[in-house]
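Undergrad: Residue numbers (this note's numbering): 10 to 361.
By construction, the Cβ of each residue, glycine as well, lies at the ideal position given by its N, Cα and C atoms.
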Ligand SMILES: *Cc1c(COP(=O)(O)O)cnc(C)c1O
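Here is the structure:
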């Protein structure tokens, strides 16, 4: 199958854009992996939408191809974003691909996974670390982009949501219909908004028959939507969802309520447990924030939420690749033992 990126594939559902303005790294078309292990553990049929396999290693590329293409159409020369890491990695790469745009990113100092920072810098973005959190960074970017000729590419840029909704299209195309449940981590809440929009548009176009219940999960230390108020000092090791005042708050609530779903929270311990189960039981390595969707399913299952839905199709969006945050993986495994370099010692170590 020919794949030239998601704008070419889903043009009929996306804002108009001429070929000459499309900036693409052939993002999208990520695998939908059936997990026998999770299906068995949860009594459901679990599919993993592995967004870590996008060009820069996260789902952010879906929105970025659209936002950067639109910025190119407009003739913008500088794009800017606040980021917990993946948005900056993606914005930097797509700006590089555009051949005509520079990229500036503002990040909270000390709270960016190493891989993401490396990406933004190697793609030659201007990386500015501030003493403050993501919400502070976003406020600065909003202010600057309102007053200077700089294009904002955070998910409050409506073209980001447009691109990201193609994740839902791919799920429907691959499964033949929408699943019964869709589990997804919630940070700034753009992605849950985008998936719900995508599912609704596909159904309205007759491309799918049903709509899923949207199950969103925040980290317990950064759960403003669950608590019903902004969190002043959000804390979680899942840095991609370490957000205290989500930009798409209202739309996430609408996705929850219209779909008859829920938005709940999971602790860092639950996230790490799911993270390890995904890696060791299914062979899929994600960054911690991504595992929040799976941790959420375990939490609901323990509460009996799926009692009436044995075997139902569930899709989990696994938002980013595990290699983004190698330190976190290394901190959560046993270090290799060092032994003598001879066959006998190695055989003994393997238990042969
Ligand atoms: C951005 C991001 C999220 C959160 O998505 P929102 O659209 O901000 O809710 C979750 N996981 C990863 C890996 C991300 O990069």
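Can we say the segment 155–168 touches the segment 131–144, given the rule of at least three CB pairs closer than 8 Å?
TA: no
Undergrad: Which residue or residues does DSSP assign as beta-bridge partners of residue 56?
TA: 43, 324
Undergrad: How long is the line joining the alpha carbons of residue 190 and residue 39, rounded to whole angstroms?
TA: Separation of residue 190 and residue 39 (C-alpha to C-alpha, rounded to the nearest whole angstrom) is 19 Å.
Undergrad: Since residue 87 is in the beta strand (DSSP E), which residue starts that stretch and which ends it?
TA: 87–91 is the span of the beta strand (DSSP E), which, as asked, contains residue 87.
Undergrad: Unbroken alpha helix (DSSP H) runs of length 4 or more, entirely within the segment 255–317: which are they?
TA: Runs of the alpha helix (DSSP H) inside the segment 255–317: 258–268, 277–286, 297–311.
Undergrad: With a threshold of 8 Å (Cβ to nearest heavy atom), would residue 93 be considered close to ligand 1?
TA: yes
Undergrad: Please return the same chain residues whose Cβ sits closer than 7 Å to the Cβ of residue 257, not counting the five positions on each side in sequence.
TA: 164, 197, 198, 199, 202
Undergrad: Count the other CB atoms, across all protein chains shown, that sit within 10 Å of the CB of residue 367; report buried if there are 16 or more and exposed otherwise.
TA: Nothing about residue 367 can be reported from this structure: the residues present for the chain run from 10 to 361 only.
Undergrad: Between the alpha carbons of residue 173 and residue 64, how many angstroms are there, rounded?
TA: Going by the C-alpha atoms only, they are around 14 Å apart.
Undergrad: Roughly how many whole angstroms lie between the Cα atoms of residue 111 and residue 104?
TA: The straight-line gap separating the alpha-carbon atoms of residue 111 and residue 104 is approximately 6 Å.
Undergrad: Pop quiz: residue 23 and residue 70 are said to be a contact at Cβ under 8 Å. What is the actual Cβ separation, rounded to whole angstroms?
TA: Their Cβ separation, rounded to whole angstroms, is 15 Å, which puts residue 23 and residue 70 out of contact at 8 Å.
Undergrad: Report the three-state DSSP secondary structure of residue 135 (helix, strand or coil).
TA: Strand at residue 135.
Undergrad: Starting from residue 224 and walking both ways along the alpha helix (DSSP H), at which residues does that stretch end?
TA: Note, residue 224: premise wrong, no alpha helix (DSSP H); beta strand (DSSP E) at 222–228.
Undergrad: In the DSSP output, which residue or residues are listed as bridge partners for residue 111?
TA: 87
Undergrad: Can you tell me whether residue 63 sits near ligand 1, meaning its C-beta is under 8 Å from at least one heavy atom of the ligand?
TA: no
Undergrad: Is the beta carbon of residue 124 sitting closer than 9 Å to the one on residue 334?
TA: yes
Undergrad: Out of curiosity, what's the CA-to-CA distance linking residue 230 and residue 336?
TA: 20 Å
Undergrad: For the segment 203–211 against the segment 169–189, are there 3 or more C-beta pairs whose distance is under 8 Å?
TA: At 8 Å Cβ cutoff, the stretches touch.
Undergrad: For residue 295 and residue 287, which I take to be in contact (beta-carbon distance under 8 Å), what is that distance rounded to the nearest angstrom?
TA: 6 Å
Undergrad: How many whole angstroms separate the CB atoms of residue 89 and residue 154, which I take to be in contact at a CB cut-off of 8 Å?
TA: The C-beta distance from residue 89 to residue 154 rounds to 6 Å, short enough to meet the 8 Å contact threshold.
Undergrad: What are the boundary residues of the beta strand (DSSP E) that includes residue 191?
TA: 190–194
Undergrad: State the beta-bridge partners of residue 78 as determined by DSSP.
TA: Its beta-bridge partners do not exist; DSSP assigns none.
Undergrad: Residues in the same chain with beta-carbon distance under 8 Å from residue 219, minus the five sequence neighbours each way, listed in chain order, please.
TA: Cβ within range, chain order: 186, 187, 189, 212.
Undergrad: For residue 105, which three-state DSSP category applies?
TA: Looking at residue 105 - three-state DSSP - the assignment turns out to be helix.
Undergrad: Cβ-heavy atom distance between residue 68 and ligand 1 below 8 Å?
TA: Yes, Cβ of residue 68 sits closer than 8 Å to a heavy atom of ligand 1.
Undergrad: Is the Cβ-Cβ distance between residue 52 and residue 310 less than 9 Å?
TA: yes
Undergrad: Which residue or residues does DSSP assign as beta-bridge partners of residue 330?
TA: Residue 330 pairs with 295.
Undergrad: Taking buried to mean at least 16 other C-beta atoms within 10 Å of its own C-beta, is residue 79 buried or exposed?
TA: buried
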